[in-house]
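A short worksheet on the structure shown next.
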Amino acid sequence: MNAVVEEHHDHDHKPTGIGRWLFSTNHKDIGSMYLWFAFTMFFIGGALALLIRAELFQPGMQIVEPEFFNQLTTLHGLIMVFGVIMPAFVGLANWQLPMMIGAPDMALPRMNNWSFWLLPAAFGLLLASLVMSIMGLGSAPNFGWTFYAPLSTTYGPDSTDYFIFSVHLMGISSVMGAINVIATIMNLRAPGMTYMKMPIFVWTWFITAYLLIAVMPVLAGVVTMMLTDRNFGTSFFDAAGGGDPVMFQHVFWFFGHPEVYIMILPAFGIVSSIVPTFSRKPLFGYSSMVYATASIAFLSFIVWAHHMFTVGMPVAGELFFMYSTMLIAIPTGVKVFNWISTMWRGALTFETPMLFAIAFIFLFTMGGFTGLMLCIAPADFQYHDTYFVVAHFHYVLVTGAAFSIMAAVYFWLPKWTGNMYDEKLGKLHFWLTCISANVLFFPMHFVGLAGMPRRIPDYALQFAEFNQIASVGAFVFGFSQLIFLYVVIKCVRGGEKATDKVWEGAHGLEFDLPSPAPFHSYTTPPVVK
Amino acid sequence: MSVQTEKQTTDNPKIIGKLLLVVVAMFGFGFALVPLYDVFCDITGLNGKTGDKVHFETAPIVDESRLVKITFLASLNESMPWEFKPQQNFIEVHPGKPTTINYIARNMSSKSIVGNAVPSVSPGLAAAYFQKTECFCFTRQELKAGEEKIMPVTFIVDSELSDDINEIALSYTFFISKQNNEDLADNTLTAKSINTFK
Chain A
1 MNAVVEEHHD HDHKPTGIGR WLFSTNHKDI GSMYLWFAFT MFFIGGALAL LIRAELFQPG
61 MQIVEPEFFN QLTTLHGLIM VFGVIMPAFV GLANWQLPMM IGAPDMALPR MNNWSFWLLP
121 AAFGLLLASL VMSIMGLGSA PNFGWTFYAP LSTTYGPDST DYFIFSVHLM GISSVMGAIN
181 VIATIMNLRA PGMTYMKMPI FVWTWFITAY LLIAVMPVLA GVVTMMLTDR NFGTSFFDAA
241 GGGDPVMFQH VFWFFGHPEV YIMILPAFGI VSSIVPTFSR KPLFGYSSMV YATASIAFLS
301 FIVWAHHMFT VGMPVAGELF FMYSTMLIAI PTGVKVFNWI STMWRGALTF ETPMLFAIAF
361 IFLFTMGGFT GLMLCIAPAD FQYHDTYFVV AHFHYVLVTG AAFSIMAAVY FWLPKWTGNM
421 YDEKLGKLHF WLTCISANVL FFPMHFVGLA GMPRRIPDYA LQFAEFNQIA SVGAFVFGFS
481 QLIFLYVVIK CVRGGEKATD KVWEGAHGLE FDLPSPAPFH SYTTPPVVK
Chain B
1001 MSVQTEKQTT DNPKIIGKLL LVVVAMFGFG FALVPLYDVF CDITGLNGKT GDKVHFETAP
1061 IVDESRLVKI TFLASLNESM PWEFKPQQNF IEVHPGKPTT INYIARNMSS KSIVGNAVPS
1121 VSPGLAAAYF QKTECFCFTR QELKAGEEKI MPVTFIVDSE LSDDINEIAL SYTFFISKQN
1181 NEDLADNTLT AKSINTFK
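Right, dumping it as structure tokens:
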């Protein structure tokens, strides 16, 4: 078999037509589908965000009913978290992991297909509720992406059951994706690639996959409890039956906090791949990066109640969750300083991926600092449920996670397509995105500190100017992403041919493969020294 | 490739099996958090959840030297058509001394309604020292249309109560029982549901 495969190394037996995508077991095709899915959801979730920002452009009710506004914030959050950031990272993992560890494909290709195709079903269900709401057939989920009981149980609209099954499907999809990642990394590494020689992106995904396996089932559990509370007479979250709504928050955030690291650890891996390439230096402190990632993952399990300081916790509890949360700043600081040390005295160039990576380091750190402010329990009573929180998590998720995904796409797109992207348009996209994101999210700090509550369609007059600035930023940000779409399509269709190495300072097994990468990555494992 | 294929066939099922086990365990853990949460609140007395009915083997020691003010609160969940209030707003008691006070509930509607009262003690840390020997919250309460009922609570404040706490609020919220539409004569069900509402 070896001989045959090697002879036909570049002879890609691609299935054709729609079957190629429906029945695909190829990590690259599935990766592309994940990324396009995320991209589509990004525009849908973004459109909802623009409606929110349009409504908030001035005080008073303008465009949407308050009930519909609640549905907008809920679906915007759910789509961006579960439909954009997570699938995009899984797509990147699909594309990159086999190439980076010298494997022909993912370890479980058929399960890979299933994990992906559950997602359109899940989001079909979720978006169906929105379509029905627009058609006037009842409300879409309207309780915020955190779906706190009893808002989502006793008071949830009928479509909550759509939402519950949608989350079940997403959970199954993520868990299968995670199992696949772990099996691939443990079994298919090229000879000589020990764990401590793995590229850092592989490491961060390895740890992320364990987080997914640990907490997605808890999410499935909590929505199952909601389902039985709503339909089968149980009282998990109903005080009338001996349950406790506060327990919902504990179980939800036991999932929810590791979840936010699921959305940022792969981003750390991406930035740790890009910064050394464009600094033309190896990554500073590789092993400390690995240990820092593992520490963050561990700490993520013992900090969840910092999301609920105001529910009435005893002082001892608040102090515990406050200090354990502060601890996270240490491994995160290690990472930030390592990236800066990697750039120190490097021969830096500023191609689009590097620009996004540097913006990530700077802006994610800002999001981290506001996180530190929020973790101070006594201060959190002022910040809780205000726009300050909204500013904080958009800094870590948009200028953090989303910027890293954009950086990754620019970084690896030439390898995927064999063509260089349009650098001029890429830079234009970067500057518009980076500036508008700050115009959009920075004023939210101020209105939040001044007391503007989140998830409210109307606000007091004194917040008007900052909200207008934010809305202008939002529209520039939103439409700038069309440039991104154009750059990607243009690059897929043609352009200047990329070299195998793509970037002058590139390292790693994926850059030893030809560009575009062959349909099956490493049919013969490379030897890593 | 042959090396990888061999490894794959031997190792993949093992890894998948182990990981699936973790998935199932974590799904179970989510549900285990429910009783764990109650146990945790029980032990620490956080959350203001009060304990079960207390029996004293010997008469508790009465601490005549101190007085603790107990405030009584009453509320109804959602649109429960009852009137519900304590007969007195507060009482000052010596720790260790059994005290009985009354709540009054009246069904304002034209049909019979079953309710459950859920007690809560504030500050939460006092919950463990607030012991009820008799309470209308131990059982479901059924009020016929227009019926009024006096509902007594007998409690003892443990003399071990920290000196820092001089005031305790006892609050009851009445909920419409989920079993309202079910057969009230079904004793096994009644016993089971009462058990849940301790």
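For the protein sequence lines, the chains are A and B, in the order given.
Using this note's numbering, read the first sequence as starting at 1 and increasing by one per residue.
Using this note's numbering, read the second sequence as starting at 1001 and increasing by one per residue.
Every residue gets a Cβ at the ideal spot worked out from N, C-alpha and C, and that includes glycine.
Since the structure is predicted, the reported quantities are computational estimates derived from the model, not experimental observations.
Status (buried if at least 16 other CB within 10 Å, exposed otherwise) for residue i
{"i": "residue 421/A", "result": "buried"}
{"i": "residue 192/A", "result": "exposed"}
{"i": "residue 1032/B", "result": "exposed"}
{"i": "residue 1111/B", "result": "exposed"}
{"i": "residue 521/A", "result": "buried"}
{"i": "residue 493/A", "result": "exposed"}
{"i": "residue 105/A", "result": "buried"}
{"i": "residue 196/A", "result": "exposed"}
{"i": "residue 315/A", "result": "exposed"}
{"i": "residue 1165/B", "result": "exposed"}
{"i": "residue 1018/B", "result": "exposed"}
{"i": "residue 426/A", "result": "buried"}
{"i": "residue 26/A", "result": "buried"}
Residue-level contact to chain A via CB, residue i, 9 Å cutoff
{"i": "residue 1183/B", "result": "Because residue 1183/B carries a pLDDT of 42, less than 50, the predicted location of this residue cannot be relied on, and no value is offered for it."}
{"i": "residue 1200/B", "result": "Any answer about residue 1200/B is impossible in this case: the structure gives chain B only from 1001 up to 1198."}
{"i": "residue 1031/B", "result": "yes"}
{"i": "residue 1177/B", "result": "yes"}
{"i": "residue 1011/B", "result": "yes"}
{"i": "residue 1173/B", "result": "yes"}
Chain B within 9 Å of residue i, Cβ atoms only
{"i": "residue 149/A", "result": "no"}
{"i": "residue 99/A", "result": "no"}
{"i": "residue 15/A", "result": "no"}
{"i": "residue 250/A", "result": "yes"}
{"i": "residue 88/A", "result": "no"}
{"i": "residue 108/A", "result": "yes"}
{"i": "residue 218/A", "result": "yes"}
Cα-Cα separation between residue i and residue j, rounded to whole angstroms
{"i": "residue 36/A", "j": "residue 92/A", "result": "11 Å"}
{"i": "residue 393/A", "j": "residue 370/A", "result": "9 Å"}
{"i": "residue 1123/B", "j": "residue 1168/B", "result": "6 Å"}
{"i": "residue 398/A", "j": "residue 1090/B", "result": "53 Å"}
{"i": "residue 1158/B", "j": "residue 1070/B", "result": "13 Å"}
{"i": "residue 2/A", "j": "residue 183/A", "result": "Interpretation of residue 2/A is limited by its pLDDT of 44, a score under 50 that renders its predicted location unreliable; no figure is taken from the coordinates."}
{"i": "residue 177/A", "j": "residue 214/A", "result": "13 Å"}
{"i": "residue 1063/B", "j": "residue 1094/B", "result": "6 Å"}
{"i": "residue 1144/B", "j": "residue 1073/B", "result": "23 Å"}
{"i": "residue 495/A", "j": "residue 419/A", "result": "5 Å"}
{"i": "residue 408/A", "j": "residue 1162/B", "result": "58 Å"}
{"i": "residue 261/A", "j": "residue 300/A", "result": "7 Å"}
{"i": "residue 216/A", "j": "residue 372/A", "result": "26 Å"}
{"i": "residue 1081/B", "j": "residue 1127/B", "result": "29 Å"}
{"i": "residue 1198/B", "j": "residue 391/A", "result": "Any answer about residue 1198/B is weak, because its pLDDT of 33 lies below 50 and its placement is not dependable; what the coordinates show is given next. One C-alpha to the other measures close to 43 Å."}
{"i": "residue 1125/B", "j": "residue 1042/B", "result": "11 Å"}
{"i": "residue 282/A", "j": "residue 415/A", "result": "20 Å"}
{"i": "residue 431/A", "j": "residue 246/A", "result": "43 Å"}
First through last residue of the alpha helix (DSSP H) which encompasses residue i
{"i": "residue 375/A", "result": "352-375"}
{"i": "residue 182/A", "result": "160-187"}
{"i": "residue 425/A", "result": "423-449"}
{"i": "residue 70/A", "result": "66-78"}
{"i": "residue 465/A", "result": "464-493"}
{"i": "residue 42/A", "result": "27-55"}
Where the beta strand (DSSP E) containing residue i begins and where it ends
{"i": "residue 337/A", "result": "Looking at the DSSP string, residue 337/A is not in any beta strand (DSSP E); the run it does join, the alpha helix (DSSP H), is 329-343."}
{"i": "residue 1116/B", "result": "1113-1122"}
{"i": "residue 107/A", "result": "Segment: none, residue 107/A is in no beta strand (DSSP E) and carries neither H nor E."}
{"i": "residue 1125/B", "result": "That residue, residue 1125/B, is in no beta strand (DSSP E); it is neither H nor E in DSSP."}
{"i": "residue 81/A", "result": "Note, residue 81/A: premise wrong, no beta strand (DSSP E); not H, not E."}
{"i": "residue 1141/B", "result": "1141-1143"}
{"i": "residue 230/A", "result": "Unbroken run through residue 230/A is the alpha helix (DSSP H), 200-231; no beta strand (DSSP E)."}
{"i": "residue 1149/B", "result": "1148-1157"}
Same chain only: Cβ atoms within 7 Å of residue i, ignoring 5 sequence neighbours per side
{"i": "residue 284/A", "result": "338, 341, 342"}
Close Cβ partners of residue i (< 6 Å) along its chain, the five nearest in sequence each way excluded
{"i": "residue 1114/B", "result": "1140, 1142, 1177, 1180"}
{"i": "residue 53/A", "result": "471, 474"}
{"i": "residue 82/A", "result": "170"}
{"i": "residue 42/A", "result": "84"}
{"i": "residue 411/A", "result": "274, 353"}
Neighbourhood of residue i by C-beta, 8 Å cutoff - its chain only, sequence neighbours within 5 removed
{"i": "residue 1194/B", "result": "Because residue 1194/B carries a pLDDT of 39, less than 50, the predicted location of this residue cannot be relied on, and the following value inherits that uncertainty. If we look at residue 1194/B and ignore the five residues flanking it on each side, its Cβ neighbours are 1138, 1139, 1140."}
{"i": "residue 1185/B", "result": "Bear in mind that the predicted position of residue 1185/B carries a pLDDT of just 40, short of 50, making it too unreliable to give a figure here."}
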